[in-house]
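624 is the number of the first residue of the sequence shown in our numbering; add one for each residue after it.
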Amino acid sequence: MKGPKTEDVAEMLIQYINSICIEELSKELVDRMSQIHPTLQQNFTRVCVDWFKELSEKKYYDLRNEASVLLAKRLRKELDSSY
Numbered sequence: 624m625k626g627p628k629t630e631d632v633a634e635m636l637i638q639y640i641n642s643i644c645i646e647e648l649s650k651e652l653v654d655r656m657s658q659i660h661p662t663l664q665q666n667f668t669r670v671c672v673d674w675f676k677e678l679s680e681k682k683y684y685d686l687r688n689e690a691s692v693l694l695a696k697r698l699r700k701e702l703d704s705s706y
């Protein structure tokens, strides 16, 4: 069975994040992800870790994503040693 294309998944996630209140997104998504199979939880965590690693490498950012980039930079050492 062939899964959805990465571009389609990314676009769906972008639209979801852009269309609702972030507090609502966070709670609903975290609640749902906590109910899935442990292997899938691990895979999702790897995706999140990869995102933080990518974000930590940004040299240019502005006030809209500054907090995210700075958090990713602080987490990078731990992420490198754990994953």
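Think of the CB as a built atom: it goes at the ideal place given N, C-alpha and C, for glycine as much as any other residue. Please read all numbers here as calculations on a predicted model, not as lab measurements.
Residue from the options with nearest C-alpha to residue i
i	options	result
Tyr-639	Gln-665, Thr-629, Leu-652 and Glu-689	Leu-652
Trp-674	Gln-658, Lys-696 and Glu-646	Lys-696
Leu-636	Gln-664, Ser-657, Lys-625 and Val-670	Val-670
Contacts around residue i, its chain only, beta-carbon distance under 6 Å, and the 5 residues preceding and following it disregarded
i	result
Arg-699	Ser-679
Val-672	Leu-702 and Tyr-706
Range covered by the alpha helix (DSSP H) that runs through residue i
i	result
Ile-640	629-642
Ile-645	645-656
Glu-701	689-705
Glu-677	661-679
Cutoff 7 Å; reference residue i; Cβ partners in own chain excluding five residues on either side
i	result
Ser-691	Leu-678
Close Cβ partners of residue i (< 8 Å) along its chain, the five nearest in sequence each way excluded
i	result
Phe-667	Met-656 and Ile-659
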